[in-house]
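Take a look at the structure set out below.
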Amino acid sequence: MNAIIIGYGTVGKATQKILKCDYVDKYDEDIPNKYDFAIICVKREDLPEAIERAKLYSDDIVIRTTISPDDAHLYLDY
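Note that our numbering has the sequence shown beginning at 6, numbered continuously upward.
So, in structure tokens, the structure goes:
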């Protein structure tokens with residue numbers, strides 16, 4: 006399995022260290038390459054942009070952020 010992390014803050018760095026996978030942060034230029042998973046590790050307010058960016062890398066997206074179950078439906082149509 007190969008994955009890419011979108012967002013390289015504290016959570017993104019910890020995830021990258023465990024999974025030993027590629028990452029991009031907000032200053033990196035997008036180079037579309039297909040991965041098995043795109044793992045988003047950004048603040049909730051940055052989710053819409055990060056989801057659009059993750060779609061360049063994979064059809065399967067994992068979101069690692071603090072979000073309540075009541076608000077999760079707001080992002081399901083991305």
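Where is the CB? At the ideal position from N, CA and C, for every residue including glycine. All figures in this text were calculated on a predicted structure; none of them were measured in a lab.
Rounded to a whole number of angstroms, what is the C-alpha to C-alpha distance between G93 and D75? Because the chain in this structure spans residues 6 to 83, residue 93 falls outside the shown range and cannot be described.
Use the C-beta contact count for T71: other C-beta atoms within 10 angstroms, 16 or more gives buried, fewer gives exposed. In the sequence shown, residue 71 corresponds to position 66, counting from 1. By the 10 Å Cβ count, T71 comes out exposed.
In chain order, what are the residue ranges of uninterrupted beta strand (DSSP E) at least 3 long that sit wholly in the stretch 6–47? 8–11, 27–29, 42–45
Cβ distance (whole Å) where A59 is taken to contact I45 below 8 angstroms: Within the sequence shown, residue 59 is the residue found at index 54, counting from 1. Within the sequence shown, residue 45 is the residue found at index 40, counting from 1. That belief holds up - the Cβ atoms of A59 and I45 are roughly 6 angstroms apart, short of 8 angstroms.
In angstroms with no decimal places, state the Cα-to-Cα distance between D30 and S73. On the sequence shown, residue 30 is found 25 positions in, with the first residue counted as 1. On the sequence shown, residue 73 is found 68 positions in, with the first residue counted as 1. Going by the C-alpha atoms only, they are around 24 angstroms apart.
Cβ atoms of Y28 and I9: under 8 angstroms apart, would you say? Along the sequence shown, one-based indexing puts residue 9 at 4. Along the sequence shown, one-based indexing puts residue 28 at 23. Against a cut-off of 8 angstroms, the Cβ pair of Y28 and I9 comes out as a contact.
Near I23, what residues of its chain come up, given a Cβ to Cβ distance below 7 angstroms and the 5 sequence neighbours on each side ignored? Here residue 23 refers to the residue found at position 18 when the sequence shown is read from its first residue. The answer is none, since no qualifying residue turns up.
To the nearest whole angstrom, what separates the beta carbons of A55 and V47, a pair I think is in contact under 8 angstroms? Sequence index remark: in the sequence shown, residue 55 carries index 50 (1-based). Sequence index remark: in the sequence shown, residue 47 carries index 42 (1-based). So it is a contact: roughly 5 angstroms between Cβ atoms.
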